[in-house]
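Q: Just dropping this structure here.
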Amino acid sequence: MDTKTLIQTYFQAFNEGRTDDMLDLLHDQVEHHVNEGEIRRGKALFAEFNAHMTDCYREKLTDLVVFADDSGDRAAAEFTVNGTYLKTDEGLPPAQGQTYCLPAGTFFTIRDGKIARVTTYYNLAEWNRQVIG
1 MDTKTLIQTY
11 FQAFNEGRTD
21 DMLDLLHDQV
31 EHHVNEGEIR
41 RGKALFAEFN
51 AHMTDCYREK
61 LTDLVVFADD
71 SGDRAAAEFT
81 VNGTYLKTDE
91 GLPPAQGQTY
101 CLPAGTFFTI
111 RDGKIARVTT
121 YYNLAEWNRQ
131 VIG
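Residue numbers for the sequence shown follow the UniProt record's numbering, so the first one is 1 and each next one is one higher.
Dropping the structure here:
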């Protein structure tokens, strides 16, 4: 599958809560660069992160636009995160079912037809402002 389709399929799986299908699209040595966090290496840590996020947040991504370079080795996506804060996440404000809406972006490296790097950025200060009220 071409790079744009790969990334669109990844985000479709996210929106449908099919995190195992997301894992199938990842390279075995995937690097997950998290906004404001440590780099996670490998599918096992990516799966652990997804489980944690599913426990604390319910999110749907809209307004998705996917870009890819001519080689298909690098891609980016811009989107809006529409979420509900379900369970208090360590180091963050208490969760009380607050909703939030944030612009975000993700950068990808593709290797061997799989996603080898996922780097996501969003404005954490704005997220805090929205959930604190």
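Ideal placement from N, C-alpha and C gives every residue a C-beta, glycine not left out.
What is the rounded straight-line gap between the Cα of arginine 129 and the Cα of threonine 88?
A: Distance from the CA atom of arginine 129 to the CA atom of threonine 88, rounded to whole angstroms, is 15 Å.
Q: Would a C-beta distance cut-off of 8 Å place leucine 6 and leucine 25 closer than the cut-off?
A: yes
Q: In chain order, what residues of the same chain lie with their CB nearer than 7 Å to the CB of aspartate 55, ignoring the 5 residues before and after it?
A: Lys87
Q: Straight-line CA distance for valine 118 to glycine 37?
A: Roughly 13 Å between the two C-alpha positions.
Q: Using the beta-carbon count (16 or more within 10 Å), is glycine 83 buried or exposed?
A: Burial call: buried.
Q: Would you mind giving the Cβ-Cβ distance between phenylalanine 79 and threonine 62, rounded to the nearest angstrom? I have them listed as a contact below 8 Å.
A: 7 Å
Q: For cysteine 101 and tryptophan 127, what's the separation of their Cα atoms in angstroms?
A: 8 Å
Q: To the nearest angstrom, how far is the alpha carbon of phenylalanine 49 from that of threonine 19?
A: 10 Å
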